[in-house]
Each structure stands twice: as C-alpha cells, then as structure tokens.
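Protein sequences appear in the order of chains A and B.
Position 222 of the first sequence, counting from 1, maps to 222 under this note's numbering, and the rest follow consecutively.
Position 141 of the second sequence, counting from 1, maps to 1141 under this note's numbering, and the rest follow consecutively.
Virtual Cβ for every residue (Gly too), placed ideally from N, Cα, C.
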Amino acid sequence: MTAALQIDDLTVHYATREGALQALRDVSITVPEGKIVGVVGESGCGKSTLINALLQLLPENATLPAGRITLEGEDVTHASTRRLRQMRGQEMSVIFQDPMTSLNPVLSIGRQMRDIQYRQPGNRTEKDRRSANMLGRVGIPDPVGKLSAYPHELSGGMRQRVAIAMAALMRPRVLIADEPTTALDATLEVQIIELLKEIQREIGCAILFISHHLGVIAELCDRVVVMYAGVAVEEGPVEDVFLRPGHPYTIKLIECDPGRLKVRVADLPSIPGSLPDLTDPPAGCIFQDRCERATEICATPPPRAPQRPGHWAACHHSGPEGS
Amino acid sequence: MTPLLSLRDVVVEFPAVGGLKALLTPPEKRRVRALDGVSLEVTAGETLAIVGESGSGKTTLARAINGLVPLAGGQVTFDGTPLHESPDWHAIRRRVAMMFQDPVGSLSPRKTVRDLVLEPFAIHGLPLKDRQAKAVQLLEDAGLGPDFLNRYPHQLSGGQARRVGVARALALTPTLVLADEPTAGLDVSVQGEILNLMNRIKADHGLTTLIITHNLNILRHIADRIAVMYLGRIVEVGPVERLLTAPAHPYTRALMAANPEPDPTARRERIVLKGETPALNARPPGCEFHPRCPVARPDCATRIPRLEPATTGGQVACHYPLTQEPAPA
C-alpha cells in the first residue's frame, strides 16, 4: 500500500552569510492513508521549513541537496510548476496557524471559496452551494449568509473553521495543519481538535499535524515524530512515544511539560543549554551538547534504535534508563 | 490585615466608535466596558494568577493598576495610597513594576542589555555609584553572565530576553510585580527555567506578584490563588488547588477541562463549550456566561450574579455554583 505522503531523507539548506544553514537533515516521515501523524518540536526544529518543502514553496535561498517527497506515489520534489499548482489545494491543502492572515481581508468568504473551485465544473450557484454545504459541516451557523461576510466580521474561532472548510473543500488526500490551534483560546482549541477529527473521518484524508503543544498531539494523533534542530529524533505510535519515550530529548521534553505534574513542585524541570549552530552542527548526535547521557560514542551518527514495534529513537543510549 | 492592593468595582471603558460616527451612535454604544466592576484583593507576599481567555480583560486589569489606562469608575488602593485620585504615578511605578508580554518586543532594539537593565535608574533619576557592578549583579540575579552586557535584544533568545525583562522589573526592588504572560512565546524546555527564576526571586525578596496567564498548566506551580475572568468580570477567585480540582463556576470547570494533557491515555469525554466568548459590546443580559453554560436555568438570563463566598472556599459569581466534585474525568 502506498502512503498518502512519504518523505524520504529530506535535507534542506538555506544559503546565509555564515554558510549553509542546515534546516532539515535526512528527515523521513510516512503519513499512511487516513491516519493523523503529528510532528512535535520546539522553535528552530524545522517545522516551518518542512511545510514549505512539502508545498514546494521554499524561499529562494533554499536548496534541497537530498531527499524525495511523494504524494500518493507521485514525486512532488521534481513535479512541474503546472502540476504543483494542481496539487496545492486539491490534493494537499494547508490550514495555517493564524486564520486572520491566511484569509484575504478584502474578499468575501464566498468569493474566496469559489476561487478554490476554479478547476471544478459547475456555475457560480453550484459552487456557492458546495461552499455553503462545507461551511455548514464545519459548524458555522447560517452558512449561506456567511458567504457574503468578510473575514474581519468573524471571530477567531469562526475564521479558523472557515480555513478548515476551505482546506477540506476539495477533499484533498493530505491535509497539512500548521499549529492550527495556537492562536486560539483553550475552550476553542478543543472545539477545533474535535472538528479536525470529524473532518478526517468524513473525507478520509491523512493529516500531518504540526504543533509544539504536546497535549494537542497526544489528543489527536495516531503517530508522532519528534524533531529537534532539523533532525527527526524519534518516531512511533503516540501512546508509545508519550508513555515510553526512548530518546533523551523526548524524555526531557515530556518531563518539562508542567501539565503532567499533578502536585506543586518548587523546581520545574527545563533543558539547560541552547540549540546548536545549524551552520556548523556537531558531528554525530544533534542533541549531544545538552544531553545528560552523552558519551564519546555520541560524536558518531546515532542508529535508529528500535524501541517497540514501529517505534524508534535515533540515539546510542536510548530507552528508559539508557544503555 | 490590610491587603497590599485592593480593587473595588473597577470599571475601564474604551471608545468603541470615533470621530463623526460617534455623533450618530447612541451614547450607550459609544464605549465598551473592558472591565466591568472588578473587585479583588492581593495580600502582601502572595502570588495571584489572573486567568481567562483573550478579551476577558486580564491585561487591561494590570494596566489599570499601573495607571496605563484611566479608570471610568471604582477604586484602586495600593499600600494605603488611593490610585484613583490623581496619584504620583512616577513614584508609584518605582514600587509597582511591570513585565510586559512580548519578551523581545518590550526591549528597545537600539539599547544594549547593560543600558536596558540600568534604564529604570535613569528614568527615576537615581544616581549609581558603580554602574558596571550594578548591571552585572542585576543580570546575575536573573541568571545571565556578564558576557551579555554588550549584546543587543536581537542577539538574545526568547528565554534570555525574558531574563533581561525580569532584571529590569526587579532593578528598583519593587513591592509589587505585574507579570503579563511571563511564559508567552517560550518553549516548554525554557519555560521551567523562567518560572523557577520568578519563584526564587519572589522568595528572596518577599515580592507580591500578579501573574496574568492563559497557560493553565503552570498555575499549580506558581500561584497561591487564582482569579478567573470572563468578559471583563471576575467569575471565581480561590486557592489554586481548589479551583483546579473542584471549581465552583461552570466556566472555570470548562476552562480547566479544556486543557489538553500530554497523556494519550487521558483522552476523555469533556464538556466542549458551545460557541465563543461574546463581544464586549454584545454582553448577554443577566449572567454573561449563560448562553454557553451547560447548567444555565431560565433566571440566569435576567439576574446578574454577584461575587459571593463559595461553600468550598474563595468566591464565585454564579446563581447555581457546582457543589460536588466534577464528574470523573
């Protein structure tokens, strides 16, 4: 069975004055049909670069020295501009973090939704009916009336619902969600998570869900990829990774989330140190400078150490106690 | 014991329409109430966390205390000084320090870290015998080495910029610190460091702090009491553990339950609130929460609840507060 989205050994460099900044190094992610895969990582881990690479919308100073991205078996990395334009929005679409900036403020919702359907058959009335139908399904009251509304007339949560409706309108095979709940309040965040689950069930698409919020990933995803400084350090089923993390970075990251500490502690955990310089990353393990388990062997590239079935951690000393 | 800070029925209004359009708008619609009758007391030495969603008035509350927005009604008293009757803000702000939300944005990009941490002394005309020693010591208290002195804000990470903000706020040894979202924009791995720093400083200097946050996960570790705001009003105040485990206001309960936990086995059926927070200029009559409330009764739409003592401790503004433990999560 081919995966909905397959990323193999993706490497992205940015040309800077200090030299090539290695934003992504050998990242491989598989998103199976109909599954929700989460990518979790902190600032600077390469989340945004990953999305831009998937859409082939990288800035001009970016190069792709290695790697391949395939969408339902079709190579995206070498697709023509014309073919890419067909894919974007129809076969893969994106829900961005801030719905205020991803919607055009001077066009009505209806106009923007009609524009997405430019390749579809049917006249304006039919397209509007399709749009209104989708708006209704994402829980927007008075969908027909909302077609003539402008983005600023809607609240933050409603705007994000519109963005989801637009992303789902063409029934894409892959939906990429870039921190879609970060700009929203807690009570809206859970509404949007529930909505994404529903939409996924309904149109049967695969979702690549990118977030820095461990709680949201745990709630929504089937599998999770943990990224640190441009490298995928661990991957596995959500339950496994969160309950039995193998990579020292994942272990630390989960410990740091104060949400899991049910009693008051005087000393909250943190990860000392800072991200390595990506123009000159350390040889071997990317996390070695901040890792308590680091030894000499960490200067050599870490293996993908298997943890449990379908769960690996890129570490010489992986596992609950290290080895 | 008299509280260090007390607010009584504080009202803050902002103009809703300006210019000629205001003439065509009925007077009651020209202004919106960002704070509508907020009463609160903060005891010396405690940490009170203000929680609530965007637009609930958290930041406006801090700005009203520090005189950055004028009061349209009510009284604020800080350490015996009434702040609502033209006080000497310059003198007050020496004792009430503010930490603003955006760690990098609240630092001038053209000043070095040295100038930034010494700026409060210049503003208040306080002479310093040894500028270098003072700057080094302030940075050290905030956990930064002297090699940061000559850096500019763009050369700092979010966590480091936040530490400079802490050093600035503490420069004049204030009595009260107003911290607006101290963890906003910080990664989880850094957030712990900053909260530890604030906890340590609070213990060392006996500071009173008012922390504004929407990060519910950190509440237990930093706050003694919590005040929950909704649409410019306080709906519940009380000890942190009580509010987290047995909230009396339906909104508090929904808010606490809405917090996704990093534990995949904890996926649970929760009360997902319908709809969104109404706009301030369309405040529902009666209890402002009743259109979204899962346990609202007919009279909630007509009677405005007052903040009254809750049976389980603290105060709650609800006609039908939740009494028993919430349903098993």
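Worksheet item: By the 10 Å Cβ neighbour count, where 16 or more other Cβ atoms means buried, how is ALA1329 of chain B classified, buried or exposed?
Response: With a pLDDT of 40 at ALA1329 of chain B, under the threshold of 50, the modelled position of this residue cannot be trusted; read the value that follows with caution. Looking at its Cβ environment, which holds fewer than 16 other Cβ atoms inside 10 Å, ALA1329 of chain B is exposed.
Worksheet item: If you follow the beta strand (DSSP E) that ILE68 of chain A is part of, which residue opens it and which one closes it?
Response: One point to set straight first is that residue 68 of chain A is Arg, not Ile, in the sequence displayed. It spans 62–71 - the beta strand (DSSP E) in which ARG68 of chain A sits, taken as one unbroken run.
Worksheet item: Within the 8 Å Cβ cut-off, does LEU1255 of chain B reach chain A?
Response: yes
Discussion item. So ARG161 of chain A and ILE140 of chain A are supposed to be a Cβ contact under 8 Å. How far apart are they, rounded?
Written reply: 6 Å
Worksheet entry | Contact with chain B by ARG308 of chain A, beta-carbon distance below 8 Å | no
Worksheet item: Rounded to the nearest angstrom, how far is the Cβ of ILE36 of chain A from that of GLN200 of chain A, given a contact under 8 Å?
Response: 6 Å
Worksheet item: Three-state secondary structure (DSSP) at ALA132 of chain A?
Response: helix
Discussion item. Let me check one thing: in DSSP terms, what residues is ARG1033 of chain B bridge-paired to?
Written reply: B:GLU1013
Worksheet item: When DSSP labels each residue in this structure, what does ILE1092 of chain B get in the three-state scheme?
Response: helix
Worksheet item: Going by beta carbon distance, what residues of the same chain come within less than 7 Å of MET134 of chain A, once the five residues before and after it are set aside?
Response: ALA165, ALA168, LEU169
Discussion item. Just to confirm the assignment, what range does the beta strand (DSSP E) spanning GLN307 of chain A have?
Written reply: 304–308
Discussion item. Just to confirm the assignment, what range does the alpha helix (DSSP H) spanning GLN6 of chain A have?
Written reply: Unbroken run through GLN6 of chain A is the beta strand (DSSP E), 5–16; no alpha helix (DSSP H).
Worksheet item: Among all the DSSP beta bridges, which residues are the ones paired with SER155 of chain A?
Response: Answer is none; SER155 of chain A lacks a bridge partner.
Worksheet entry | Option in A:ASN61, A:THR182, A:ALA4, A:THR70 with minimal Cα separation from LEU21 of chain A | A:ASN61
Worksheet item: Rounded to whole angstroms, how far is the Cβ of ILE51 of chain A from the Cβ of ILE210 of chain A, which I believe are closer than 8 Å?
Response: 7 Å
Worksheet item: Hey, is ALA1329 of chain B's beta-carbon within less than 8 Å of any beta-carbon in chain A?
Response: With a pLDDT of 40 at ALA1329 of chain B, under the threshold of 50, the modelled position of this residue cannot be trusted, and the question is left open.
Discussion item. List, from N- to C-terminal side, the beta strand (DSSP E) runs of 3 residues or more that fit wholly inside the region 13–42 of chain A.
Written reply: 19–31, 36–40
Worksheet item: What does GLU189 of chain A touch in chain B if you count any residue whose Cβ is under 9 Å from its own?
Response: ALA1258, ASN1259, PRO1260
Worksheet item: If contact means a Cβ-Cβ distance below 8 Å, which residues of the region 240–261 of chain A contact chain B?
Response: PHE242, LEU243, LYS252, LEU253, ILE254, CYS256, ASP257, PRO258, GLY259, ARG260, LEU261
Worksheet item: In chain B, what lies closer than 7 Å to PRO276 of chain A by C-beta?
Response: Residues of chain B passing the Cβ test: none, with the nearest at roughly 13 Å.
Discussion item. Would you say the beta carbon of CYS256 of chain A is closer than 7 Å to some non-hydrogen atom of the ligand FAD?
Written reply: By its list of ligands, the structure shown contains no ligand whatsoever, and the ligand FAD lies outside what it can speak to.
Worksheet item: Going by DSSP, which residues form a beta bridge with THR1213 of chain B?
Response: B:VAL1051
Discussion item. Does THR966 of chain B come out as helix, strand or coil in the three-state DSSP assignment?
Written reply: Any property of residue 966 of chain B remains undetermined from this structure, which presents chain B solely from 1001 to 1329.
Discussion item. Can you look up ALA1161 of chain B in the DSSP assignment and give me helix, strand or coil?
Written reply: helix
Discussion item. So, at 6 Å on beta carbons, what are the nonlocal neighbours of LEU1210 of chain B in its own chain, with the 5 sequence-adjacent residues on each side left out?
Written reply: LEU1048, LEU1178
Worksheet entry | Beta-carbon proximity of ALA229 of chain A to CYS45 of chain A, cut-off 8 Å | yes
Worksheet item: Just by C-beta distance, which residues in the region 1169–1195 of chain B are closer than 8 Å to chain A?
Response: ASP1187, VAL1188, SER1189, VAL1190, GLN1191, GLY1192, GLU1193, LEU1195
Fill in: THR1060 of chain B, buried or exposed, once every other Cβ within 10 Å from all chains shown has been counted against 16
buried
Discussion item. For SER1054 of chain B, tell me which candidate among A:LEU107, A:LEU268, A:GLY284, A:GLY156 has the shortest Cα-Cα distance.
Written reply: A:GLY156
Worksheet item: Just checking, does the region 1271–1282 of chain B make contact with the region 1291–1310 of chain B on the three C-beta pairs under 8 Å criterion?
Response: yes
Discussion item. Please state the DSSP three-state secondary structure of ILE1222 of chain B.
Written reply: helix
Worksheet item: Hey, does GLU1085 of chain B have any beta-carbon neighbour from chain A nearer than 8 Å?
Response: no
Worksheet item: What does a CB cutoff of less than 6 Å around ALA1142 of chain B pick up in its chain, not counting 5 residues either side in sequence?
Response: ARG1163, VAL1166, ALA1167
Item to complete: Excluding the 5 residues preceding and the 5 following ASP280 of chain A in the sequence, name in chain order all residues of the same chain whose CB lies nearer than 6 Å to its CB.
Response: none
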